[in-house]
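Residue numbering for the sequence shown is 25 to 470, as defined by this note's numbering.
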Amino acid sequence: MPIGRPKPLTGWKATAAVSMSNYIDSGSIIAIATSLGFWGAAYFPDDSGRIAGLLAAFSSNAFGAAVGALIGGPLCDKYGRKFIYTYDLLLYAVGGLIATFAMNLPMLFVGFIVIGLAVGASVPAGWTYIAESAPTHQRGRHIGATQLAWSVGPFIGFGLAALLSPLGLVGSRIIFAHLVVIALVTWYIRQGLYESEAWQKSKGGQQAKAPSIWTSLRGLFSRKANITALLFLVAIYTFWNQAASQNGIFLPTILSSMGFGTLASDLFSMLTWAFVIIGTIVFMVFVDKVSYRWFFLVGGAMAVVSWVVLVFGPSTAAATAFGYAILWGLSSGPSAQAFYSVWSPELFATPYRAGAQGLVFFTVRVASGIISLVFPVILMGANGLLIDGLILIAFLLASTLIGTIFAPRTQGKELREIEIERYGEVVSAGLLDAEAGRPRTDDEGR
Numbered sequence: 025m026p027i028g029r030p031k032p033l034t035g036w037k038a039t040a041a042v043s044m045s046n047y048i049d050s051g052s053i054i055a056i057a058t059s060l061g062f063w064g065a066a067y068f069p070d071d072s073g074r075i076a077g078l079l080a081a082f083s084s085n086a087f088g089a090a091v092g093a094l095i096g097g098p099l100c101d102k103y104g105r106k107f108i109y110t111y112d113l114l115l116y117a118v119g120g121l122i123a124t125f126a127m128n129l130p131m132l133f134v135g136f137i138v139i140g141l142a143v144g145a146s147v148p149a150g151w152t153y154i155a156e157s158a159p160t161h162q163r164g165r166h167i168g169a170t171q172l173a174w175s176v177g178p179f180i181g182f183g184l185a186a187l188l189s190p191l192g193l194v195g196s197r198i199i200f201a202h203l204v205v206i207a208l209v210t211w212y213i214r215q216g217l218y219e220s221e222a223w224q225k226s227k228g229g230q231q232a233k234a235p236s237i238w239t240s241l242r243g244l245f246s247r248k249a250n251i252t253a254l255l256f257l258v259a260i261y262t263f264w265n266q267a268a269s270q271n272g273i274f275l276p277t278i279l280s281s282m283g284f285g286t287l288a289s290d291l292f293s294m295l296t297w298a299f300v301i302i303g304t305i306v307f308m309v310f311v312d313k314v315s316y317r318w319f320f321l322v323g324g325a326m327a328v329v330s331w332v333v334l335v336f337g338p339s340t341a342a343a344t345a346f347g348y349a350i351l352w353g354l355s356s357g358p359s360a361q362a363f364y365s366v367w368s369p370e371l372f373a374t375p376y377r378a379g380a381q382g383l384v385f386f387t388v389r390v391a392s393g394i395i396s397l398v399f400p401v402i403l404m405g406a407n408g409l410l411i412d413g414l415i416l417i418a419f420l421l422a423s424t425l426i427g428t429i430f431a432p433r434t435q436g437k438e439l440r441e442i443e444i445e446r447y448g449e450v451v452s453a454g455l456l457d458a459e460a461g462r463p464r465t466d467d468e469g470r
């Protein structure tokens, strides 16, 4: 019996389908984190940390995703939110298959880079689509579902790593293979998604053309409201993500330096992500009800304290590791990434909403890539955890202070209302074309 088209998706079903981008994003990061030791033993046994750092830097954890977001965000504004969903997970599956069957280091690099490109293209589109489709007074909760998927990915990833660790490299290949299967299933389900109504209205109707990518980018950088929003979001997300990315990709290495074996490390990491899931559920329940400013402060303060415990607690004490797991996990609910995913679609007009997010995501992941190049080298040196930890604590403090002081007052408002408040008008495709000096034909509408 032939497989037909999936049923149309609306409401929470659409949110769930879109959120799976975040599952395979974080899932790929953990697949890399738990497999680096096995890949290293097979293909680069004499590595001092530099090759592992390069693999992490060019993956979905950093440069790969950064370039994907920089390309995918503007394409999402030009050709539509659904356009990205037609191709992104197919590209992800190709990269996943290359990694699954990698027989040497170059194949591994190619697989990781392709996965990163696909992840980067998909994530900004997901946050944009959900924000434009969700009910106004549940927008935070719906976007929070992407964070929940992002949390479940590592929980399952570390669980699989613990279960399959006796198989060594074969177990790591199985983990990548499971992500390929999920990507293909999700791609099929997403064919039932409707195009964003907000995007269609912004460009003047279904038959109208959206502004060119360069016109949208020119419009993005021509308004003070956009510049301030970009600087604000880059600051809070970049600073926080340095700690988060190092936690995700190098936590097994940190735990190993504290005396944890491979199995114990995977189980402990799984426990950490269980608390992340709990924190994310709390975020989803309260984000549309509690003040953005104070909720952000609570999450940021807990993140700072968690790293203080990890860095300055007794390195051999179980209480240190478990204290970190609980505090960091719960702080990841109302985290800078969670609030970024809510604020970024709120603070930009529809014609360049995804492009702006792609630009911010690019900046954040490039910064993560740079620190991934040096983090493992420092970590393996004398007082490595102390040095890296102090740097990350400073980043977390900066993110917390900036986010708390400059938190936007957008809670409970329709995107159109926010747009008028910030720009003094609705920023349509026709307006951007007029500012760029490009005439629009009659059938393109306003």
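Don't be surprised by glycine CBs; every beta carbon is placed ideally from N, CA and C.
How about residue i and residue j: are their beta carbons less than 8 Å apart?
| i | j | result |
| --- | --- | --- |
| residue 49 | residue 83 | no |
| residue 170 | residue 180 | no |
| residue 262 | residue 388 | yes |
| residue 328 | residue 415 | no |
| residue 318 | residue 420 | no |
| residue 95 | residue 145 | yes |
| residue 435 | residue 316 | yes |
| residue 374 | residue 166 | no |
| residue 104 | residue 238 | no |
| residue 321 | residue 428 | yes |
| residue 214 | residue 67 | no |
| residue 189 | residue 290 | yes |
| residue 385 | residue 93 | yes |
| residue 74 | residue 312 | no |
| residue 397 | residue 77 | yes |
Under DSSP, the alpha helix (DSSP H) around residue i begins and ends at which residues?
| i | result |
| --- | --- |
| residue 313 | That residue, residue 313, is in no alpha helix (DSSP H); it is neither H nor E in DSSP. |
| residue 224 | 221-227 |
| residue 171 | 163-188 |
| residue 247 | Unbroken run through residue 247: none, as it is neither H nor E. |
| residue 361 | 360-371 |
| residue 344 | 342-355 |
| residue 218 | Element bounds for residue 218: n/a, residue is neither H nor E. |
| residue 103 | 87-103 |
| residue 210 | 193-214 |
| residue 406 | Per DSSP, residue 406 belongs to no alpha helix (DSSP H) and is neither H nor E. |
| residue 58 | 35-67 |
| residue 77 | 74-81 |
Identify, in the order they occur along the chain, each residue of the same chain with its Cβ nearer than 6 Å to the Cβ of residue i, setting aside the five sequence neighbours on each side.
| i | result |
| --- | --- |
| residue 87 | 81 and 393 |
| residue 307 | 168, 357, 358 and 362 |
| residue 42 | 150, 153 and 154 |
| residue 395 | 266 |
| residue 18 | Here the chain covers residues 25 to 470 and nothing more, so residue 18 does not appear. |
| residue 441 | none |
| residue 89 | 140, 143, 144 and 389 |
| residue 240 | 101, 375, 376 and 379 |
Can you list, in chain order, the residues of its chain whose CB lies under 8 Å from that of residue i, leaving out five sequence neighbours each side?
| i | result |
| --- | --- |
| residue 26 | Low per-residue confidence applies at residue 26: pLDDT is 48, beneath 50, and the placement is therefore not dependable, though the value from the model is reported in the following sentence. Within the same chain, residue 26 has no close Cβ partners at all. |
| residue 465 | Interpretation of residue 465 is limited by its pLDDT of 46, a score under 50 that renders its predicted location unreliable; no figure is taken from the coordinates. |
| residue 302 | 353, 354 and 357 |
| residue 412 | 270, 399, 402 and 403 |
| residue 35 | none |
| residue 298 | 179 and 353 |
Between which residues of its own chain and residue i is the CB-CB distance below 7 Å, once the five residues before and five after are set aside?
| i | result |
| --- | --- |
| residue 249 | 446 and 447 |
| residue 323 | 355, 357, 358 and 359 |
| residue 138 | 115, 118, 119 and 122 |
| residue 211 | 113 and 114 |
| residue 200 | 55, 120, 123 and 124 |
| residue 217 | 33, 38, 41, 106 and 109 |
| residue 365 | 151, 167, 170 and 171 |
The stretch 172-179 / the stretch 371-382 touching (three or more Cβ pairs under 8 Å): no
Stretch pair the stretch 113-128 + the stretch 191-204: three plus CB contacts closer than 8 Å: yes
Length at least 3, wholly inside the stretch 414-445: the beta strand (DSSP E) runs in chain order: none
Segment contact, 8 Å Cβ cut-off, at least three pairs: the stretch 50-66 with the stretch 184-193: yes
Alpha helix (DSSP H) runs contained entirely in the stretch 114-167, provided each spans 4 or more residues: 129-157
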